[in-house]
């Protein structure tokens, strides 16, 4: 069974530029999560999708971050314009149905550096 | 709101020694609790989880954790550390107060000396 795929693995941009990350979850998983992991901290949930609908985006900085999962499969997270404090690892995870007791399966992450 | 506290950002042990990583949670009802491990440049991988069945939970790679409601703790242990255990360990909680949003602790870096 293929795991969660993410691309790119690394990205370096200058502040005020835009960037997009892609995630393909495990086949059949209805729930997809995007996390931001700043160096030295635990992952912080940015947005949770159930199929192609948003379950929670309360911690997503909506003035600059956007995410979509149009067909309920893969997803894109965009930052526009980027700030220095957006430097972090962006993790994508999926789970079968989004129940709180379910295991989340994580991708390798995209490491973003904003200069 | 639910929260997780991991005591000690770094824990250093000798190979073969006991590993103890501490996790305390805040919740008005017993939540679901998880330990994940993150190796360098990789995503998180589940070690074990508590889902209100047995309070002593056994996971992969010889790790186990005990849910103690009276202490609101879910500490992770392993009897004998191996060099390959060196990684970042995260405690997480979900399901508290009806919240499905998973909350992670800040992580504990386990250092294993030969």
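Residue numbers (my numbering), protein chains in the order written: chain P, 17 to 131; chain C, 21 to 134. By construction, the Cβ of each residue, glycine as well, lies at the ideal position given by its N, Cα and C atoms. Computed from a prediction, not measured in an experiment: that's the story for all the values here.
Same chain, Cβ closer than 8 Å to residue i, five either side skipped, listed in chain order
i: residue 131 of chain C; result: 30, 31, 32, 33 and 106
i: residue 45 of chain C; result: 22, 23, 24, 25, 51, 53, 92, 93, 94, 111, 113 and 116
i: residue 12 of chain C; result: No statement about residue 12 of chain C is possible, as the shown extent of chain C runs from 21 to 134 and does not include it.
i: residue 42 of chain P; result: 17, 18, 19, 20, 110 and 121
i: residue 58 of chain C; result: 64, 65, 107, 108, 109, 110 and 127
i: residue 77 of chain C; result: 68, 69, 70, 84, 85, 86 and 87
i: residue 61 of chain P; result: 49, 50, 51, 72 and 75
Other residues of its chain near residue i: CB distance less than 6 Å, five sequence neighbours each side excluded
i: residue 54 of chain P; result: 104
i: residue 30 of chain P; result: 131
i: residue 97 of chain P; result: 32
i: residue 82 of chain C; result: 98
i: residue 79 of chain C; result: 67 and 68
i: residue 122 of chain C; result: 112 and 114
Residues near residue i by beta carbon distance below 7 Å, same chain, minus five either side
i: residue 87 of chain P; result: 68
i: residue 84 of chain P; result: 91 and 92
i: residue 45 of chain P; result: 110, 111 and 112
i: residue 100 of chain P; result: 31 and 130
i: residue 66 of chain P; result: 46, 47 and 114
i: residue 78 of chain P; result: none
Presumed contact (8 Å Cβ cut-off) between residue i and residue j, rounded CB distance
i: residue 126 of chain P; j: residue 25 of chain P; result: 6 Å
i: residue 124 of chain C; j: residue 124 of chain P; result: Incorrect: roughly 17 Å between the Cβ atoms, too far for contact.
i: residue 114 of chain P; j: residue 120 of chain C; result: 7 Å
i: residue 102 of chain P; j: residue 128 of chain P; result: 6 Å
i: residue 80 of chain P; j: residue 95 of chain P; result: 6 Å
Sheet register partners of residue i (DSSP bridge)
i: residue 21 of chain P; result: P/40
i: residue 64 of chain P; result: P/49 and P/72
i: residue 175 of chain C; result: Here chain C has residues from 21 to 134 only, and residue 175 of chain C is not among them.
i: residue 136 of chain C; result: The question about residue 136 of chain C has no answer here: the residues shown for chain C are numbered 21 through 134.
i: residue 58 of chain C; result: C/64 and C/108
i: residue 84 of chain P; result: P/92
i: residue 52 of chain C; result: C/114
i: residue 88 of chain C; result: C/93
Check: residue i C-beta below 7 Å from any heavy atom of the ligand ADP
i: residue 91 of chain C; result: Only the bare structure without any ligand can be found here, which leaves the ligand ADP out of the picture.
Fill in: the region 20-39 of chain P touching the region 25-36 of chain C, judged by at least three CB pairs closer than 8 Å
The answer is no - the region 25-36 of chain C does not touch the region 20-39 of chain P, with fewer than three Cβ pairs under 8 Å.
Discussion item. Closer than 8 Å is the cut-off here; do at least three beta carbon pairs connect the region 111-123 of chain P with the region 60-70 of chain C?
Written reply: Counting C-beta pairs with one atom in each stretch, the region 111-123 of chain P and the region 60-70 of chain C have three or more that are closer than 8 Å, which means they touch.
Item to complete: May I ask you to list, following chain order, the residues of the region 29-57 of chain P that have a beta carbon less than 7 Å from some beta carbon of chain C?
Response: Within the region 29-57 of chain P, the residues whose Cβ lies closer than 7 Å to some Cβ of chain C are 57, listed in chain order.
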